[in-house]
Structures are given as C-alpha cells and as structure tokens.
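Novice:
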Amino acid sequence: MVTKNQIKLIKSLSQKKFRNKHGLFVVEGIKGVREFLNSSFELQYLFSTGDNFEISKEKVIKVSDAELKKISFLTTPQIALAVFYIPVIREVNFSGLNLVLDGIRDPGNLGTIIRLCDWFGIQNIICSQDTVDCYNPKVVQASMGSLSRINICYKELSDFFAKSGDIPVYGAMLEGENVYSQKLPETALLVMGNEANGISSELSALLDHKLNIPQYGKGKDTESLNVATATAILLSEFRRNSVTEKQN
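Per this note's numbering, the very first residue in the sequence shown carries number 7; after that it's consecutive.
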C-alpha cells in the first residue's frame, strides 16, 4: 500500500528543486528498475504490482494497478516504480573520450545520448549548468537503464576546460572540417551543442578542432541533424579511428 506521504514525495520528484532537496529520483518499468538494482545506486522504495524482482520481499511494497497509477509519471504505468538516492558524483577521469553537452534541453535527446555513451563505452558526460537534469523522469525513462552506468556531472564548462590541461577539445559545428577526413585521437573531449543554437560562442572560442558531418542529400530544408543522431555518428567515428590506430 502506498501512503499519502509517499505519494506526495514521489509526485514532487517530477521537479528538479525537490529532487535536489530530497536527493532522490524515480525509475519506472521492470527493465529500468532491474538495471539500477544491479548497480551501485541505493534504493529507497520499490513499488510493484507483482513479484518481479530477486531481492528481499521486505524491500518491495506491493501495490494495485490503481495505486501505481497514482504515483506514476507515465500515461500507462509499467508494473514497477522505484525511488533511488542520487549518488555523489565521481570526479571526471580525463583519460579516453569524454562527452561534453552544452545546453541540451530536450529530455529525450539527453536520454538517448546517455544510451549512446553506454553503447560506445563513454564513461563520463560533462554537462553545462543549463542542460536538462539527468534525473528528470523523462530522461531516466529515455535512457532505459543506461544512466546507472554513466558518470554525469554538471559544471561551468569554461572552468572545466581550463582544468583539462592539454587534452584536445573537439566540437560539432556546421563550419567544421569533414569528420570523415580527420584522424581522431583516443583521448579527447567532444562537445555537442544546443538543439537550436549549437555550441555557444563562448565555448566555440575554446575549441581546438571543429568537426562537421557532411550532408550528402540535397534537401534544402535539412539544416542540421538531430543532436542525438549527430552524437551517434561522431562517437562512432572516434571509436573507429581508435580501433584503426591500434591495428596499425
């Protein structure tokens, strides 16, 4: 059974200020909940309509479909909802390829980018302060459990770059060099910009290299790729270059 206080707490976690206040966030669906249960994230509550998890039954609060609907952020609730503690963020390890996000606002885009980083083995995502919160319920849902394996932190990016030493900084820009003609390093920072405006002028001035994904089609109305799609292409190219370099 869900108490009134639990309902009030969970519904408040739709807002960033209450997630920060309580240090909690929500995960929904069997797959997502299992991913977080198998990670280092600490569980507070787990509500489920059935016996779907291999954990102590004392940690599972059985609820009806109607009760689950009261606490779910989804139009169609997905059997289970869990509340986890937001972890203390680890310091960024600058070795390897790290992704930097400048002003990403769409939760679906961030969730997809988190999944891409999980796929390509990117351990760290460094976000500007105005990037959407990674514990936003829509981001968590779109990440499909990958959030449990990626270290995400929010920084003043200009200060962050100043501390990155001599690591090369690459950015996706329309006026950049053709990415398919570049030799890309194994260790670097890759910056992806806002959906509408791209990388801010302040940060573009700090880039060492500007990359462009060339357009081969002739659609005049296709001004740019979706940021998540562009991220997938660029991460793939960095990884391909890394493999090629090791083989030579």
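Virtual Cβ for every residue (Gly too), placed ideally from N, Cα, C.
(1) Any idea what DSSP makes of Gln129, helix, strand or coil?
(2) Would you be able to state if there are at least three C-beta pairs under 8 Å between the segment 200-213 and the segment 102-110?
(3) Going by the beta-carbon positions, is the gap between Val233 and Ile119 smaller than 9 Å?
(4) Please list the segments of the alpha helix (DSSP H) lying wholly inside the segment 163-240, counting only runs of 4 or more residues, in order along the chain.
(5) Are the Cβ atoms of Ile67 and Val8 separated by less than 9 Å?
(6) Give the range of the alpha helix (DSSP H) segment to which Glu41 is assigned.
(7) Just confirm the distance between the C-beta atoms of Leu163 and Leu196, as a whole number of angstroms; I'd bet it's less than 8 Å.
(8) Determine the burial state of Ser149: buried for a count of at least 16 other Cβ atoms within 10 Å of its Cβ, exposed for fewer.
(9) Would you list, in sequence order, the uninterrupted beta strand (DSSP E) runs of no fewer than 3 residues that lie entirely inside the segment 26-88?
(10) Considering only C-alpha positions, which residue in the set Phe79, Ser248 and Ser78 is nearest to Thr193?
(11) I want to know whether the segment 210-224 touches the segment 121-130 - three or more CB-CB distances under 8 Å.
(12) Just to confirm, are Leu231 and Val175 a CB contact at a threshold of 9 Å?
(13) Can you pull the DSSP bridge partners for Phe24?
(14) Considering only the alpha carbon of each residue, which of Ala211, Asn157 and Leu153 lies closest to Ala178?
(15) In three-state terms, what does DSSP make of Ile156?
(16) In its own chain, which residues sit with a C-beta less than 8 Å from the C-beta of Asn218, not counting the 5 before and 5 after it?
(17) Please determine whether the Cβ atom of Ile85 lies at a distance below 8 Å from any heavy atom of the ligand HEM.
(18) Per DSSP, Val106 is paired with what?
(19) On the premise that Arg245 lies in contact with Phe126, defined as a C-beta separation below 8 Å, what is that separation, rounded to the nearest angstrom?
(20) What separation, rounded to the nearest whole angstrom, lies between the Cα atoms of Lys17 and Asn104?
(21) Count the other CB atoms, across all protein chains shown, that sit within 10 Å of the CB of Gln147; report buried if there are 16 or more and exposed otherwise.
(22) On the premise that Ser154 lies in contact with Phe59, defined as a C-beta separation below 8 Å, what is that separation, rounded to the nearest angstrom?
(23) Going by the beta-carbon positions, is the gap between Leu15 and Leu30 smaller than 9 Å?
Specialist: In short, the structure shows the following:
(1) For the purposes of this step, residue 129 is identified with residue 123 of the sequence shown, where counting begins at 1. Of the three classes helix, strand and coil, the one that applies to Gln129 here is coil, per DSSP.
(2) yes
(3) Translated into positions along the sequence shown, residue 233 becomes position 227. Translated into positions along the sequence shown, residue 119 becomes position 113. With respect to Ile119, Val233 sits close: the two C-beta atoms are nearer than 9 Å.
(4) List check, alpha helix (DSSP H) in window: 163-168 and 207-210.
(5) Reading the sequence shown from its first residue, position 61 is the one you call residue 67. Reading the sequence shown from its first residue, position 2 is the one you call residue 8. Between Ile67 and Val8, the C-beta gap is smaller than 9 Å, which places the two residues in contact.
(6) Here residue 41 corresponds to residue number 35 of the sequence shown, with the count starting at 1. From DSSP, the alpha helix (DSSP H) with Glu41 extends over Ile36 to Leu43.
(7) In the sequence shown, the residue the question calls residue 163 occupies position 157. In the sequence shown, the residue the question calls residue 196 occupies position 190. About 13 Å separates the two Cβ atoms, so there is no contact after all.
(8) Against the sequence shown, residue 149 aligns to sequence position 143. It counts as buried.
(9) 30-34, 49-54 and 66-68
(10) Working through the sequence shown from its first residue, we reach residue 193 at position 187. It is Ser248 whose Cα lies nearest to the Cα of Thr193.
(11) no
(12) In the sequence shown, residue 231 corresponds to position 225, counting from 1. In the sequence shown, residue 175 corresponds to position 169, counting from 1. Contact flag unset, no.
(13) Residue mapping note: residue 24 aligns to position 18 of the sequence shown, counting from 1. DSSP, once it has assigned bridges, lists no residue as partnering Phe24.
(14) Walking along the sequence shown from the start, residue 178 turns up at place 172. The shortest C-alpha separation from Ala178 is found at Ala211.
(15) Stepping through the sequence shown from its first residue, residue 156 is reached at position 150. Looking at Ile156 - three-state DSSP - the assignment turns out to be coil, as it is neither helix nor strand.
(16) Working through the sequence shown from its first residue, we reach residue 218 at position 212. Ala178, Met179, Leu180, Glu181, Gly182, Glu183, Asn184 and Val185.
(17) This structure lacks the ligand HEM, and indeed carries no ligand of any kind.
(18) As a first step, residue 106 is located in the sequence shown; it is residue number 100 there, counting from the start. Paired residues: Ile132 and Val197.
(19) Taking the sequence shown and counting its residues from 1, one reaches residue 126 at position 120. Taking the sequence shown and counting its residues from 1, one reaches residue 245 at position 239. Confirmed, Cβ separation roughly 6 Å.
(20) The residue labelled residue 17 in the question sits at position 11 within the sequence shown. The residue labelled residue 104 in the question sits at position 98 within the sequence shown. C-alpha separation (whole angstroms): 33 Å.
(21) Taking the first residue of the sequence shown as 1, we reach residue 147 at position 141. With 16 or more Cβ atoms within 10 Å of its Cβ, Gln147 is classed as buried.
(22) Numbered from 1 along the sequence shown, position 53 holds the residue referred to as residue 59. Numbered from 1 along the sequence shown, position 148 holds the residue referred to as residue 154. Not quite, the Cβ-Cβ distance comes to about 15 Å (not below 8 Å), so this is no contact.
(23) The count along the sequence shown starts at 1 and reaches residue 15 at position 9. The count along the sequence shown starts at 1 and reaches residue 30 at position 24. Yes, Cβ-Cβ distance for Leu15 and Leu30 is below 9 Å.
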